[in-house]
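Taking the numbering used here, the leading residue of the sequence shown gets 50, the next gets one more, and so forth. Backbone N, C-alpha and C fix where the C-beta goes; we use that ideal spot for every residue, glycine too. It should be emphasised that the depicted structure is a prediction, and the values quoted were computed from it without experimental measurement. As structure tokens, the structure follows; a few thoughts come after it.
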Amino acid sequence: MKERLSVEDIREMLLCVCRAIVENEAYLTQIDNRSGDGDHGIGMRRGFSHLEALLREKRYSTINALFYQSGLTLLKTMGGASGVLFGTLFTGGLKEMPEVESVDIAQFAGLMDRALCAIMRRGRTKPGEKTMVDALLPASRALLDSANRGSDFRAALEAAAAAAGKGCEATAAMVARKGRARQYGEKSVGCRDAGAASISLIFSAMSRWANARAGCRGTQDTLKADGGEKL
Ligand code: ADP
Ligand code: MG
Numbered sequence: 050m051k052e053r054l055s056v057e058d059i060r061e062m063l064l065c066v067c068r069a070i071v072e073n074e075a076y077l078t079q080i081d082n083r084s085g086d087g088d089h090g091i092g093m094r095r096g097f098s099h100l101e102a103l104l105r106e107k108r109y110s111t112i113n114a115l116f117y118q119s120g121l122t123l124l125k126t127m128g129g130a131s132g133v134l135f136g137t138l139f140t141g142g143l144k145e146m147p148e149v150e151s152v153d154i155a156q157f158a159g160l161m162d163r164a165l166c167a168i169m170r171r172g173r174t175k176p177g178e179k180t181m182v183d184a185l186l187p188a189s190r191a192l193l194d195s196a197n198r199g200s201d202f203r204a205a206l207e208a209a210a211a212a213a214g215k216g217c218e219a220t221a222a223m224v225a226r227k228g229r230a231r232q233y234g235e236k237s238v239g240c241r242d243a244g245a246a247s248i249s250l251i252f253s254a255m256s257r258w259a260n261a262r263a264g265c266r267g268t269q270d271t272l273k274a275d276g277g278e279k280l
């Protein structure tokens, strides 16, 4: 039988994501200071700490409701362009998915891929413009490839995290064409994009959760308390 993640699994995975973002506020701000307006870490910390509170307090019966409410929380609490874009990471893929209580790797990959397309539409951006898309696109491709190969979640998320990390690194060589960073133009070359760094942190946290889950169910409590190493 195909491996599936339940609503509870995804809730736990997102709690790890929230910890990782909150703990890396300073790192994200430092990057945005060099090529943006320095507020990315603050917005992300605000959004993901609200999301963490929501996930601790509420339980949802479908993946659809969990993703929708998560995206809405980010949209409402982060503000600005990135609030809409990171909110869309959760809501953008939902339209074409029936109500489900669990997802297999192909459904999860489909969700992320449709979210990527929605983000590109909303942000009017394409790959190579030094944005979160440059990390999300390779991560989404890695998930789709893994789904086609029949990989499990652990391997798929590990591949997605590695791809997002590489994508983020590659933004250092790009000229910023979108958002506040655009005003830096050629001066933005040499430093990574903050939104891409956030995407990389998100998939790394998902992968850490999946590794711990595959290795030892007993580590879930440790994982909840510790979102992972700081960068
Ligand atoms: P703001 O640009 O409003 O200050 P943040 O600093 O929180 O917002 O987020 C900046 C990040 O948002 C950028 O690093 C980039 O990855 C992403 N971003 C900005 N504009 C766009 C866009 N049009 N399309 C996709 N991503 C974008
Ligand atoms: Mg900013």
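Any heavy atom of ligand 2 closer than 7 Å to the Cβ of residue i?
i	result
G172	no
Run through DSSP, which three-state label would residue i get?
i	result
S55	strand
S256	helix
V238	coil
S119	helix
V224	coil
L64	helix
V149	coil
M161	helix
P187	helix
S84	helix
G214	helix
With distances taken from CA atoms, which of the options is nearest residue i?
i	options	result
G92	S131, G199, R203, N82	S131
R229	I59, D242, A164	D242
R173	L124, V133, H99	V133
G261	G142, A221, L206, T220	Here the sequence assigns Ala to residue 261, which means Gly is not the residue at that position. Comparing Cα-Cα distances from A261 to each of G142, A221, L206, T220, the minimum goes to L206.
R231	D81, E52, R257, L123	D81
K51	V152, S237, S247	V152
G128	P176, R108, A114, G96	G96
N113	S237, R171, G141	G141
L185	T220, L124, I248, L77	I248
How close, in whole Å, do the beta carbons of residue i and residue j come, if the pair is a contact with beta carbons under 8 Å?
i	j	result
K179	A225	4 Å
A208	S189	About 11 Å separates the two Cβ atoms, so there is no contact after all.
G136	L160	Not quite, the Cβ-Cβ distance comes to about 14 Å (not below 8 Å), so this is no contact.
R257	C65	6 Å
L193	A158	5 Å
L63	L104	6 Å
S119	V56	The Cβ separation is near 11 Å, so there is no contact.
Any heavy atom of ligand 1 inside 7 Å of the beta-carbon of residue i?
i	result
K227	yes
T122	no
M181	yes
S131	yes
R70	With the sequence shown as reference, residue 70 is identified as Ile, and Arg is not the correct amino acid for it. Checking the Cβ of I70 against ligand 1 gives no.
D242	yes
G92	yes
A245	yes
I168	yes
L134	yes
Notebook entry, point to check: What residues come near ligand 4, if near means a beta carbon less than 6 Å from any of its heavy atoms?
Noted result: Absence of ligand 4 is noted for the structure shown, with ligand 1 and ligand 2 being the only ligands found.
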